[in-house]
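In what follows, a single structure is set out as structure tokens and then discussed.
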Amino acid sequence: MYVTEEPRNQRDMINVNFKLTHPDNDDEPLAEAALDRLRQTMTKGELILMRTLAFDFTVELPHPWIAHILYGMAWWKDKGRPPADPSLVDERIKRVAAFAWAVANQVVEAGLVDREPARIIAAVCIVVALEAHDEPLPARDLDQWADVWAQTTKTRITDTRRLIEHHIDVATIDR
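Under my numbering, read the sequence shown as residues 15 to 189, first letter to last.
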């Protein structure tokens with residue numbers, strides 16, 4: 015699904031809405047006074063929405079953080095740089111990365127990207143992917159891993175995981 019932003023004429027939006035809500039009324043156009051009231055209502059609604067969103071329409075996605083964290087974890091000795099030959103990339107890393115990416119896609123589709131920072135969501139996606147593929151956490155425990163790789167705490171990871179698993183059935187994602 016692609017979302018494109020195209021300017022729409024308010025009158026066109028009002029006319030489409032009117033046609034949808036009054037399918038039997040084919041011939042009668044909206045009176046100019048009614049059209050003005052609807053325009054004012056739409057403008058007020060847009061202002062309320064923009065104030066609620068604090069005029070911030072950009073959302074940071076977890077995907078770049080997944081790549082960053084996994085590169086760091088897999089190739090920390092080489093300062094996070096993968097091998098020049100892609101065939102040398104371990105199949106386990108590829109599976110974990112693909113699964114973490116799929117979980118992140120589900121998080122985006124569920125509209126959860128504005129609930130927690132992208133870095134935290136990415137970390138949760140990686141932890142879920144590691145567990146799904148029975149791969150060990152490359153640290154003494156989750157608290158140490160969260161501190162090093164996500165710059166957060168075990169509690170924050172656990173709480174965010176609960177939020178994600180409340181909205182997404184991770185078991186249904188293809189491994």
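Beta carbons are placed, not taken as given, at the ideal position from N, Cα and C, and that holds for glycine.
Handout entry: alpha helix (DSSP H) segments (min. 4 residues) lying fully within the region 61-89
Key = 77-88
Practice task
Output the boundary residues of the alpha helix (DSSP H) element that contains R133.
Solution key: A132 to A146
Practice task
Give the straight-line distance between the Cα atoms of T55 and G125, rounded to the nearest whole angstrom.
Solution key: 27 Å
Problem - Rounded separation between V142 and I83 - CA only - result: 14 Å
Practice task
Examine the Cβ distances between the region 133-153 and the region 108-118 and report whether three or more of them are shorter than 8 Å.
Solution key: yes
Problem - C-alpha distance - L67 paired with V127, whole-angstrom precision - result: 14 Å
Exercise for the section: Look at the Cβ atom of E74, then the Cβ atom of A132, and state whether they are nearer than 8 Å. Expected result: yes
Problem - Per-residue DSSP class, three states only, for E149 - result: coil
Practice task
Can you say whether T174 is buried or exposed, counting buried as having 16 or more other CB atoms within 10 angstroms of its CB?
Solution key: buried
Practice task
Please say whether V117 and V14 have beta carbons closer to each other than 8 Å?
Solution key: One cannot answer for residue 14 here, as it falls past the ends of the chain, which runs 15 to 189.
Exercise for the section: With T172 as the anchor, note down where its alpha helix (DSSP H) starts and where it stops. Expected result: K168 to H181
Handout entry: Helix, strand or coil at G125 [DSSP, three-state]
Key = coil
Problem - Where G107 falls: helix, strand or coil (DSSP) - result: Note that residue 107 is Ile in the sequence shown, not Gly. If DSSP states are grouped into helix, strand and coil, I107 belongs with the helices.
Practice task
Output the boundary residues of the alpha helix (DSSP H) element that contains D157.
Solution key: L156 to W159
Exercise for the section: Can you grab the Cα-Cα spacing for the pair D38 / A164, in whole Å? Expected result: 57 Å
Exercise for the section: Would you mind working out which of R53, Q120, R129 and L151 sits nearest M27, comparing C-alpha positions? Expected result: R53
Exercise for the section: Consult DSSP for I187 and reduce its assignment to one of helix, strand or coil. Expected result: coil
Problem - For R53, the three-state DSSP class (helix, strand or coil) - result: helix
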